[in-house]
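J.: Residues 872 to 1262 in my numbering are what the sequence shown lists, from first letter to last.
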Amino acid sequence: MHAATERVFASVDATRSLGSLIREYADEIERTCVLPRPLFEALADAGLFRMVVCADAGGQEIDFPTYLDVIEEVARADASTAWCVNQASSFQTYSPVMPIDVARLIFEENPRGVVANTPAATGTAIAEAGGYRVTGTFSYGTGCHHASWVAARAQILDDGVVRRTVSGDAEIRYFMLPAEEAEILDTWNVRGLRGTGTHHWRVADAFVPEERTFSPDAVAAQERAPIYVIPRQILAACGDAMTALGVARDCVDTFVRMAQTKRAANMAGLLRDESLVQYDVGLAEAELRSSRMYLRQTVREVWTEVERTHAITLGQKADLRLAAVHAIRQSASVVDAMYNAAGATAVLKDQPIQRHFQDVHVVTQHMQSRRAHYELVGKVVLGLNPTSTFL
872 MHAATERVFA SVDATRSLGS LIREYADEIE RTCVLPRPLF EALADAGLFR MVVCADAGGQ
932 EIDFPTYLDV IEEVARADAS TAWCVNQASS FQTYSPVMPI DVARLIFEEN PRGVVANTPA
992 ATGTAIAEAG GYRVTGTFSY GTGCHHASWV AARAQILDDG VVRRTVSGDA EIRYFMLPAE
1052 EAEILDTWNV RGLRGTGTHH WRVADAFVPE ERTFSPDAVA AQERAPIYVI PRQILAACGD
1112 AMTALGVARD CVDTFVRMAQ TKRAANMAGL LRDESLVQYD VGLAEAELRS SRMYLRQTVR
1172 EVWTEVERTH AITLGQKADL RLAAVHAIRQ SASVVDAMYN AAGATAVLKD QPIQRHFQDV
1232 HVVTQHMQSR RAHYELVGKV VLGLNPTSTF L
């Protein structure tokens, strides 16, 4: 029997109350490249790592607009923390496709249960009685230091031969292992989003029972909660966008406070008195507010239909993809403007605007932020029917 746990529901208000705690740990997050354990536990106990877990396994099955509001609120305090929450939550959309006992083992028996995963099938799984022996080195395991489970992505070998699907492709699965069976490699040597701890990790000849495996392409049954109708790639992209928006919002607010007291070299007045600074702040507000409202309105419109129909169209997926990538790119533009307006102050390591600059430019390098997504959506608008895992 799985252990009974109290269901704690994340909310925007509860998340906002955590803002000061997150900020308190921001320097430590940056320095150590992990979420400090007390902060992780506070976030988990507030329900932030159970938002998209299925109700059968003690999760919330939260609505999409609220989910994104929570991510944005966390990002305003610290981008790395928001990234960890969004990445963990995106993987939770697999909870309703797992055998229920496995989902409960991972997410309910440990209410602080988090899975670190990998985007690429860089391992091998050798079939044997009752399961598989998994070996490999896996990339980009966000949150691996606070994860209780890891999901190895690997192709299956039967007697040394790659197992094929009916379409002829190599069969790929996720293989769920307790985190202590993985060795974390110190590979996350970056300037931005340092606290995500997105290291590589490896396992060697680890046994995984058959029931703890599933296809990366698995989707929840239509009768499941509507949050599972949103493709996980798009859920992740919108979460990334809210992370970028939260960073940009805090960057503008930080600059405005700075401008009240800073005098630029060889200028008579304060930064706030310069006409170019006033222009930059006005334009930044317009770019930030418009891209934020565009994303939020698109999410609300699509979510209303998803709740009603329990389905999502190609056009709706394209709408979400476009709004998400645009919000990310515009957020970076806003941060760049504030960075430039701040002058030499912004280059100092201990300045928040320096961290904003580094963080948002790691977000733009993620696959969810590719400029090619504009082309992808353009094909849909032009009446074409592109096949892509991003839609």
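Heads up, the beta-carbon is just placed ideally off N, CA and C, and yes, glycines get one too.
According to the neighbour-count rule (16 or more other Cβ atoms, all chains shown, within 10 Å of its Cβ), is A1203 buried or exposed?
T.: Within the sequence shown, residue 1203 is the residue found at index 332, counting from 1. Burial call: buried.
J.: Pick helix, strand or coil for R1134, following the three-state DSSP scheme.
T.: Locating residue 1134 in the sequence shown gives position 263, where the first residue counts as 1. Residue state, collapsed to three classes: strand.
J.: Alpha carbon to alpha carbon, what distance is there between L914 and A875?
T.: Taking the first residue of the sequence shown as 1, we reach residue 875 at position 4. Taking the first residue of the sequence shown as 1, we reach residue 914 at position 43. Note that A875 scores 41 on pLDDT, short of 50, meaning its location in the model is unreliable; the coordinates nonetheless yield the value given after this. So the two alpha carbons sit approximately 20 Å from each other.
J.: Got a sec? Which residues, its chain only, sit under 7 Å from R1120 by beta carbon, not counting five neighbours each side?
T.: As a working note, residue 1120 is residue 249 in the sequence shown. Take R1120, set aside five residues on each side of it, and the residues of its chain with a beta-carbon closer than 7 Å to its own are R947, L1159, in chain order.
J.: Return the CA-CA distance between V1251 and F1078, expressed in angstroms with no decimal places.
T.: Reading the sequence shown from its first residue, position 380 is the one you call residue 1251. Reading the sequence shown from its first residue, position 207 is the one you call residue 1078. So the two alpha carbons sit approximately 44 Å from each other.
J.: Cβ atoms of N957 and G1110: under 7 Å apart, would you say?
T.: Taking the first residue of the sequence shown as position 1, residue 1110 is located at position 239. Taking the first residue of the sequence shown as position 1, residue 957 is located at position 86. For the pair G1110 and N957, the CB atoms are nearer than the 7 Å cut-off.
J.: Taking only the alpha-carbon atoms, compute the straight-line gap between E1176 and Q1131 and give it to the nearest angstrom.
T.: By one-based count along the sequence shown, residue 1176 stands at place 305. By one-based count along the sequence shown, residue 1131 stands at place 260. Whole-angstrom Cα-Cα distance: 45 Å.
J.: Along the beta strand (DSSP E) that carries W1072, what are the first and last residues, could you check?
T.: Start at 1 with the first residue of the sequence shown, and residue 1072 comes out as number 201. Note, W1072: beta strand (DSSP E), 1070–1080.
J.: For the region 1098–1143, which segments carrying the alpha helix (DSSP H) assignment without a break, of at least 4 residues, lie completely within its bounds, in sequence order?
T.: 1103–1130
J.: Contact defined as beta carbons within less than 8 Å: I believe T886 pairs with E979. What is the distance between those atoms, to the nearest angstrom?
T.: Locating residue 886 in the sequence shown gives position 15, counting from the first residue. Locating residue 979 in the sequence shown gives position 108, counting from the first residue. Between T886 and E979, the beta carbon gap of about 22 Å keeps them out of contact (Cβ cut-off 8 Å).
J.: At what residues does the beta strand (DSSP E) containing E1176 begin and finish?
T.: Taking the first residue of the sequence shown as 1, we reach residue 1176 at position 305. First-last for E1176: 1146–1180, but that is the alpha helix (DSSP H), not the beta strand (DSSP E).
J.: Have a look at I1055, V941, W1020, N988 and flag the residue whose alpha-carbon is nearest the alpha-carbon of R975.
T.: The count along the sequence shown starts at 1 and reaches residue 975 at position 104. Taking only the C-alpha atoms, the option nearest R975 is W1020.
J.: With 16 as the cutoff for other CB atoms within 10 Å, does Q1229 come out buried or exposed?
T.: Start at 1 with the first residue of the sequence shown, and residue 1229 comes out as number 358. Burial call: buried.
J.: Which one of V883, I1224, C925 has the shortest CA to CA distance from V1123?
T.: By one-based count along the sequence shown, residue 1123 stands at place 252. The shortest Cα separation from V1123 among V883, I1224, C925 belongs to I1224.
J.: If you follow the beta strand (DSSP E) that Q1026 is in, where does it begin and where does it stop?
T.: As a position in the sequence shown, residue 1026 is number 155, starting the count at 1. From DSSP, the beta strand (DSSP E) with Q1026 extends over 1020–1029.
J.: Relative to the alpha-carbon of G1001, which residue among E1081, T1184, H1227 has its alpha-carbon at the smallest distance?
T.: Position 130 of the sequence shown, counting from 1, holds the residue named residue 1001. Residue E1081 is the option with its Cα nearest to G1001.
J.: Out of E1145, A1198, A1213, point me to the one whose CA is closest to Q1168's CA.
T.: Position 297 of the sequence shown holds residue 1168. Nearest Cα to Q1168 within the set E1145, A1198, A1213: A1198.
J.: Quick check: the Cα distance between E899 and S891, rounded to an integer number of angstroms?
T.: Locating residue 899 in the sequence shown gives position 28, counting from the first residue. Locating residue 891 in the sequence shown gives position 20, counting from the first residue. Whole-angstrom Cα-Cα distance: 14 Å.
J.: Rounding to the nearest angstrom, what Cα-Cα distance links K1188 and I1105 in this structure?
T.: By 1-based counting over the sequence shown, the position of residue 1188 is 317. By 1-based counting over the sequence shown, the position of residue 1105 is 234. Roughly 7 Å separates the two Cα atoms.
J.: State the beta-bridge partners of E1054 as determined by DSSP.
T.: The residue you call residue 1054 lines up with position 183 of the sequence shown. BP columns for E1054 point to R1073.
J.: Have a look at V1074 and A1025 and give me their C-alpha separation to the nearest angstrom.
T.: Within the sequence shown, numbered from 1, the residue matching residue 1074 stands at position 203. Within the sequence shown, numbered from 1, the residue matching residue 1025 stands at position 154. Going by the C-alpha atoms only, they are around 11 Å apart.
J.: In terms of alpha-carbon separation, which member of L906, H1227, P1087 lies closest to T1260?
T.: As a first step, residue 1260 is located in the sequence shown; it is residue number 389 there, counting from the start. Nearest C-alpha to T1260: P1087.
J.: Excluding the 5 residues preceding and the 5 following S966 in the sequence, name in chain order all residues of the same chain whose CB lies nearer than 7 Å to its CB.
T.: Here residue 966 corresponds to residue number 95 of the sequence shown, with the count starting at 1. Closer than 7 Å at Cβ, skipping near neighbours: V924, C925, A928, G930, A974, F978.
J.: Candidates D1151, L1141, V1170, L1064: which alpha carbon is nearest V1118's?
T.: Within the sequence shown, the letter at position 247 stands for residue 1118. The candidate whose alpha carbon is nearest that of V1118 is L1064.
J.: Measuring only the C-alpha atoms, how far is I893 from T1125?
T.: Against the sequence shown, residue 893 aligns to sequence position 22. Against the sequence shown, residue 1125 aligns to sequence position 254. Their backbone Cα atoms lie some 16 Å apart in a straight line.
J.: Any chance you could list the alpha helix (DSSP H) runs of at least 4 consecutive residues sitting entirely within the region 956–1040, in chain order?
T.: 971–974
J.: Assign D1221 to buried or exposed, taking buried as 16 or more other Cβ atoms, counted over all protein chains shown, within 10 Å of its Cβ.
T.: Counting from 1 along the sequence shown, the entry for residue 1221 is found at position 350. The residue in question, D1221, is exposed, as its Cβ has fewer than 16 Cβ neighbours within 10 Å.
J.: Please report the straight-line C-alpha distance between T952 and D1030, rounded to a whole angstrom.
T.: Indexing the sequence shown from 1 puts residue 952 at position 81. Indexing the sequence shown from 1 puts residue 1030 at position 159. Using only the alpha carbons, I get a separation of about 43 Å.
J.: I'd like the list of long-range same chain contacts for R1095, defined as Cβ closer than 6 Å, with 5 residues on each side in sequence excluded.
T.: Walking along the sequence shown from the start, residue 1095 turns up at place 224. Sequence-distant Cβ neighbours of R1095 in its own chain, meaning closer than 6 Å and more than five residues away, are P967.
J.: Looking only at its chain, what residues have a beta carbon closer than 6 Å to the beta carbon of T1069, apart from the 5 residues adjacent to it on each side?
T.: Looking up residue 1069 in the sequence shown gives position 198. If we look at T1069 and ignore the five residues flanking it on each side, its Cβ neighbours are Y1011, T1013, W1059.
J.: Check each candidate in L1142, W954, A1107, Y1210 and name the one with the smallest Cα separation from A1195.
T.: Looking up residue 1195 in the sequence shown gives position 324. Here the closest residue by C-alpha is A1107.
J.: To the nearest angstrom, how far is the alpha carbon of A1053 from that of G994?
T.: The sequence position of residue 1053 within the sequence shown is 182, counting from 1. The sequence position of residue 994 within the sequence shown is 123, counting from 1. So the alpha carbons of these two residues sit roughly 13 Å apart.
J.: Name the DSSP bridge partner or partners of M1047?
T.: Locating residue 1047 in the sequence shown gives position 176, counting from the first residue. DSSP lists A1022 as partners of M1047.
J.: From Q1239 to D1076, what does the alpha carbon distance come to, in whole angstroms?
T.: Position 368 of the sequence shown holds residue 1239. Position 205 of the sequence shown holds residue 1076. When rounded, the distance between both Cα atoms is 32 Å.
J.: I'd like the ranges of any alpha helix (DSSP H) spanning at least 4 consecutive residues and lying wholly in the region 1189–1216.
T.: Secondary structure remark: continuous alpha helix (DSSP H) runs of at least 4 residues inside the region 1189–1216: none found.
J.: Within 10 angstroms of the Cβ of E901, are there 16 or more other Cβ atoms? Answer buried if so, exposed if not.
T.: On the sequence shown, residue 901 is found 30 positions in, with the first residue counted as 1. The residue is buried, with at least 16 neighbouring Cβ atoms inside 10 Å.
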